[in-house]
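Peer 1:
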Amino acid sequence: MRIGFQILISSLTGVTGNQVLYFVGLKYSTATIACALTNLLPAFTIVLAVLFRQEYLRMKTKSGIAKVLGTVLSVGGALLLSFYHGKALNLGESIIHWGYADRTESTTSSSSSEKNLLLGPIAVIVSSLVWAIWFIIQADMSKSFPAPYTSSLYMCLLGSIQCVAIALCFEHNVSAWSLDNTMRLTSALYAGIISTGLTYVLLSWTIDRKGPLYVSVFSPLLLVITAVVSWALLHEKLYVGTVCPDNFRALFCFVGKEQRDGSERGKSRDGHRNNQG
Numbered sequence: 100m101r102i103g104f105q106i107l108i109s110s111l112t113g114v115t116g117n118q119v120l121y122f123v124g125l126k127y128s129t130a131t132i133a134c135a136l137t138n139l140l141p142a143f144t145i146v147l148a149v150l151f152r153q154e155y156l157r158m159k160t161k162s163g164i165a166k167v168l169g170t171v172l173s174v175g176g177a178l179l180l181s182f183y184h185g186k187a188l189n190l191g192e193s194i195i196h197w198g199y200a201d202r203t204e205s206t207t208s209s210s211s212s213e214k215n216l217l218l219g220p221i222a223v224i225v226s227s228l229v230w231a232i233w234f235i236i237q238a239d240m241s242k243s244f245p246a247p248y249t250s251s252l253y254m255c256l257l258g259s260i261q262c263v264a265i266a267l268c269f270e271h272n273v274s275a276w277s278l279d280n281t282m283r284l285t286s287a288l289y290a291g292i293i294s295t296g297l298t299y300v301l302l303s304w305t306i307d308r309k310g311p312l313y314v315s316v317f318s319p320l321l322l323v324i325t326a327v328v329s330w331a332l333l334h335e336k337l338y339v340g341t342v343c344p345d346n347f348r349a350l351f352c353f354v355g356k357e358q359r360d361g362s363e364r365g366k367s368r369d370g371h372r373n374n375q376g
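Okay, structure coming up:
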């Protein structure tokens, strides 16, 4: 009963709440703002993990200092570099030509009037918060139900039902549900198979092994990956700020010191399972 309730809450936070709120925030803000505010995830996660006693800072130890310093640097650096780009890198234009990007450029510029710089950022911030809550729930559930593949299956199934129910409440136009467009079909398949199915399985497995904070601290890499993909497919400029190594130094600072804690958690978890067996 307890496992079923945790899976239900996981679907409401990790799948439905996180994705719906993020897409709403992306619609009413900009990609830069959405990407920047998503990097609040490590800050939310470390606060919740400490409150629920899943992480211990131990500020008098090097490991504790590294956790706080790594989180502050990764979040602060990502937020700063999202708005301060620096000089453009002279890499030339990408050899990849995507006609769909050219066709949607005019549509994107014409829809700028829909932006709401209050509603959009708030939705993205709440999205990061509920995603951090999912990290905490997943870490707790992995102790009593260490089956990341099964739990991800049930979670995604419930999340799909919840998202359909929400869509039915707000979208009554039949044409909006059509997948006859190639890009719609590709986006739906990618979002379902890669962005949701594969991603949540890997996240659940890693949280089980390393803990919630270890996973969340990698979120600033989203800014770098997004910038590179945007340069390659959308022909956007690549700036020094988005590939600045500060975020990587913060990650290595945190991950290096986290290895010892992660090894201790892994030994403790394996010993606990052996005792149960």
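For the sequence shown, the residue numbers in this note's numbering are 100 to 376. Where is the CB? At the ideal position from N, CA and C, for every residue including glycine. Here the structure is a predicted model, which is why all the values come from computation and not from measurement.
Should Trp276 be labelled buried (16 or more other beta-carbon atoms within 10 Å of its own) or exposed?
Peer 2: Answer is exposed; the Cβ neighbour count stays below 16.
Peer 1: How should Glu270 be labelled, buried or exposed, when 16 other C-beta atoms within 10 angstroms of its C-beta is the threshold for buried?
Peer 2: So Glu270 ends up on the exposed side.
Peer 1: Between Pro311 and Ala238, is the Cβ-Cβ spacing less than 7 angstroms?
Peer 2: Contact flag set, yes.
Peer 1: So, are the CB atoms of Leu333 and Ala231 less than 7 angstroms apart?
Peer 2: Not in contact: Leu333 and Ala231 (Cβ atoms no closer than 7 angstroms).
Peer 1: Kindly identify the DSSP beta-bridge partner or partners of Tyr338.
Peer 2: Ala187.
Peer 1: I believe Tyr127 touches Leu218 by the beta-carbon criterion, under 8 angstroms. Please report the beta-carbon distance rounded to the nearest angstrom.
Peer 2: That belief holds up - the Cβ atoms of Tyr127 and Leu218 are roughly 5 angstroms apart, short of 8 angstroms.
Peer 1: So for Asp279, helix, strand or coil by DSSP?
Peer 2: Looking at Asp279 - three-state DSSP - the assignment turns out to be coil, as it is neither helix nor strand.
Peer 1: In whole angstroms, give me the CA-to-CA distance for Ser362 and Thr295.
Peer 2: With a pLDDT of only 49 at Ser362, under the threshold of 50, the placement of this residue in the model should not be trusted, and no figure is reported.
Peer 1: Please work out which residues of its chain come closer than 7 angstroms, Cβ to Cβ, to Ser209, disregarding the five sequence neighbours upstream and downstream, and give them in chain order.
Peer 2: The predicted position of Ser209 is uncertain, since its pLDDT is 49 and thus under 50; no value can be drawn from it.
Peer 1: For Asn138, tell me which candidate among Ser109, Pro220 and Cys262 has the shortest Cα-Cα distance.
Peer 2: The residue with the shortest Cα to Cα distance from Asn138 is Pro220.
Peer 1: With a threshold of 7 angstroms on Cβ separation, who are the neighbours of Pro344 within its own chain once the five nearest residues in sequence on each side are excluded?
Peer 2: Only weak support exists for where Pro344 lies, its pLDDT of 49 falling under 50; the value from the coordinates is given anyway. There are no such residues.
Peer 1: Considering Cα atoms alone, identify which of Thr298, Thr160, Phe234 and Ser286 is closest to Cys255.
Peer 2: Comparing Cα positions, the closest option is Thr298.
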